[in-house]
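These notes concern the structure reproduced below.
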Amino acid sequence: MSGRLGIDFGTSNSVVATWDERAGQARTVAMPELGVDRRLDGPDRLGGQGGAEVMHVVPSLLHVAGPRTTWYGGQVVRRGLYEHPLTFRWMKRYVSQRAAPVGRRLPDGRRMTPVEAAEDFLVRLVQDAAVEAGGGLDEEVAFSVPVESFEHYDAWLRGVAETAGVRRFRLIDEASAAALGYGARIQPGDVYLVFDFGGGTLDVSVVRIEEESASPIGGAGGGRRCRVLGKRGADVGGASIDGWLFAEVLRRGRRSSSDEDVRRMSAELLVRCEAAKEALSTARSAEISAQDPETGRVLDAEVTRDELEELLDAQGLYTDVERVIGSALGKARDKGFDEDSVKQVLLVGGSSLIPSVRTQVRRRFGRDRVAMSRPLDVVAAGAAAFVAGVDFYDHIQHDYAVRHVNATTGAYEYRTVVEAGTSYPTRDTVTTLTVKATFDGQHELGLAIFELSEPAARSGGDAPVELMFDGAGAARLVPADAHEQRERTHFWMNADAPTFLVADPPGRRGEDRFTVEFHVDDGKRLLVTARDLRTGRLVHHRTPVVRLT
Numbered sequence: 035m036s037g038r039l040g041i042d043f044g045t046s047n048s049v050v051a052t053w054d055e056r057a058g059q060a061r062t063v064a065m066p067e068l069g070v071d072r073r074l075d076g077p078d079r080l081g082g083q084g085g086a087e088v089m090h091v092v093p094s095l096l097h098v099a100g101p102r103t104t105w106y107g108g109q110v111v112r113r114g115l116y117e118h119p120l121t122f123r124w125m126k127r128y129v130s131q132r133a134a135p136v137g138r139r140l141p142d143g144r145r146m147t148p149v150e151a152a153e154d155f156l157v158r159l160v161q162d163a164a165v166e167a168g169g170g171l172d173e174e175v176a177f178s179v180p181v182e183s184f185e186h187y188d189a190w191l192r193g194v195a196e197t198a199g200v201r202r203f204r205l206i207d208e209a210s211a212a213a214l215g216y217g218a219r220i221q222p223g224d225v226y227l228v229f230d231f232g233g234g235t236l237d238v239s240v241v242r243i244e245e246e247s248a249s250p251i252g253g254a255g256g257g258r259r260c261r262v263l264g265k266r267g268a269d270v271g272g273a274s275i276d277g278w279l280f281a282e283v284l285r286r287g288r289r290s291s292s293d294e295d296v297r298r299m300s301a302e303l304l305v306r307c308e309a310a311k312e313a314l315s316t317a318r319s320a321e322i323s324a325q326d327p328e329t330g331r332v333l334d335a336e337v338t339r340d341e342l343e344e345l346l347d348a349q350g351l352y353t354d355v356e357r358v359i360g361s362a363l364g365k366a367r368d369k370g371f372d373e374d375s376v377k378q379v380l381l382v383g384g385s386s387l388i389p390s391v392r393t394q395v396r397r398r399f400g401r402d403r404v405a406m407s408r409p410l411d412v413v414a415a416g417a418a419a420f421v422a423g424v425d426f427y428d429h430i431q432h433d434y435a436v437r438h439v440n441a442t443t444g445a446y447e448y449r450t451v452v453e454a455g456t457s458y459p460t461r462d463t464v465t466t467l468t469v470k471a472t473f474d475g476q477h478e479l480g481l482a483i484f485e486l487s488e489p490a491a492r493s494g495g496d497a498p499v500e501l502m503f504d505g506a507g508a509a510r511l512v513p514a515d516a517h518e519q520r521e522r523t524h525f526w527m528n529a530d531a532p533t534f535l536v537a538d539p540p541g542r543r544g545e546d547r548f549t550v551e552f553h554v555d556d557g558k559r560l561l562v563t564a565r566d567l568r569t570g571r572l573v574h575h576r577t578p579v580v581r582l583t
């Protein structure tokens, strides 16, 4: 086995796969040091095959034991450190959301943030994976990225790749990777809905599998392509459910996450909530119990599956599921593919194992159309297929807009220049704008370009809260900051260089000074062509300004 790695960095688990050119398929890579084996039982797999299958996964965990000792993934689990306050988990959520929590104090006095821990974890994972796969880092590597991630996530991955010593890499969104991961089992020409419900996000993608005979894969014949018809994502996942259970246990015990004894047992309590959630996929009830290590006081609660489902309903999960599915199908419908066109629904991600979620999806599409196969490793397998040459036709995933000030209200407004769903590369101009000078003598003009994501509106009635870890590693429930939530959905792409139009001679207030045309190239870069209206000079011709996602 050699090279062509596909890496899926997940909120709860990460998976590595490599492309086997002889077999024409991806295989997951066993990681003896960092990995664990997960047994998937039951008949919920594509084609109705029963029995059990072993998945090679790496728990997304990092524990700092000392100045020169750090444990990763399965090492943390095997040493019984999962509940330890210095064990980092949910790291991907902090990276995806650009959250800036207080760093945890390490044994040597340093502080480490979850984002720094995520980089350390992923660098180690990449380097070990290259050794286990036998190809080193000379071959190209593919990383999966969430559908609703911002450009900063891509940039973060680029930094990780550079630190790890990866020479060449590509990025593929998780939904498209999942579709490609099922490629050995699906037929060209069919439409599929990929329902990816993992630890951090819910992503739904409607795709059409196509065959491109002119693109051989490893000399083995025609290569398959996946055309994305519609996508939608929401910031809700298994970690969200763990947080809701955590809050429910505190509510029943009339306790607060800020109570001193609760802070001491919060890490253990959160682990017990996660275990209860997983147990309720097969059991009718589960016990949640945590003990204060200093006083011995116990905080416990019994939760039934019915009570969990009521909690999910109260938090608006089922409404979110229906909304996300409906939005993705609506975008596909705009391209001429209605719901009846969907041949099969492919469930991906550990949270799709929740019985009530599976029931909801099956009721929507019919039992015969909903199938599950390899939900834990299919994204990594698809990423490996992608980097090996199994390609797809994709589109821009977010709206991109120019920010301007409303002359009447003085408030910021946004003018869309590239809409989500735009295919790339673009042949024609996607948008043309006129840029005015705002004051006499203005020499530098520009455009503040923002990446917009639909807000992850919660359907529950309670005020939004988030589960965060403080500097001591204790889990706390804190109100969601409105400004921070807005920043998560409005990301300033070119904040470091917004003024790229030079007026010579300087502009006059209110003068129409530049026309700007926008294109997108095959690397998803936003290109600008600008002409000075006073002098007639072409000051930019298809100049890249930002990279889109």
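Mapped onto my numbering, the consecutive letters of the sequence shown carry residue numbers 35 to 583.
Using N, Cα and C, we set each Cβ at its ideal position, and we do this for glycine too.
- Cβ-Cβ distances below 6 Å link ARG437 to TYR446, TYR448, ALA482, PHE484 in the same chain, with the five nearest sequence neighbours on each side left out; the list follows chain order.
- Straight through space, the alpha carbons of LEU314 and VAL305 are spaced by roughly 14 Å.
- VAL376 places its beta carbon less than 8 Å from that of PHE399.
- In the three-state reduction of the DSSP assignment, SER178 falls in the strand class, which pools E and B.
- Contact annotation: the stretch 197 to 207 touches the stretch 160 to 174, with at least three C-beta pairs closer than 8 Å.
- For VAL376, the enclosing beta strand (DSSP E) starts and ends at 376 to 382.
- DSSP, reduced to helix, strand and coil, places PRO578 within a strand of the structure shown.
- For LYS470, the enclosing beta strand (DSSP E) covers residues 465 to 470.
- Spatial neighbours of LEU479 in its own chain (CB-CB distance under 7 Å, excluding positions within 5 residues in sequence) are listed in chain order as VAL469, ALA471, THR533, LEU535, ALA537, GLY541, ARG547, PHE548.
- Contact annotation: GLY215 and GLY384 have beta-carbon atoms that are not nearer than 8 Å.
- Runs of the beta strand (DSSP E) spanning 3 or more residues and lying entirely within the stretch 223 to 248 occur at 225 to 231, 236 to 246, in chain order.
- By the neighbour-count criterion, in which a residue is buried when 16 or more other Cβ atoms sit within 10 angstroms of its Cβ, ASN440 is exposed.
- In the DSSP assignment, ALA320 falls within the beta strand (DSSP E) that extends over 319 to 325.
- GLU208 counts as buried, since at least 16 other C-beta atoms from the protein chains shown sit within 10 angstroms of its C-beta.
- For TYR448, the uninterrupted beta strand (DSSP E) segment begins and ends at 446 to 452.
- Secondary structure note for ILE359: it is in no beta strand (DSSP E), and the uninterrupted alpha helix (DSSP H) holding it is 351 to 368.
- Burial state of PRO389 is exposed, judged by a 10 Å Cβ sphere holding fewer than 16 other Cβ atoms.
- With a cutoff of 8 Å on beta-carbon distance, GLY444 and LEU363 are scored as not near each other.
- In its chain, beyond the 5 residues on either side, VAL550, PHE552, HIS574, THR577, VAL579 have a beta carbon closer than 7 Å to the beta carbon of VAL562.
- Ranked by how close their Cα comes to the Cα of PHE473, the residues GLY544, SER457, GLY455, ARG461 have GLY544 in first place.
- With a threshold of 16 other beta carbon atoms within 10 Å, GLU328 falls short and is exposed.
- For VAL49, the enclosing beta strand (DSSP E) starts and ends at 47 to 54.
- Judged by DSSP in its simplified three-state form, ARG392 adopts helix.
- Secondary structure of GLY215 (DSSP, three-state): helix.
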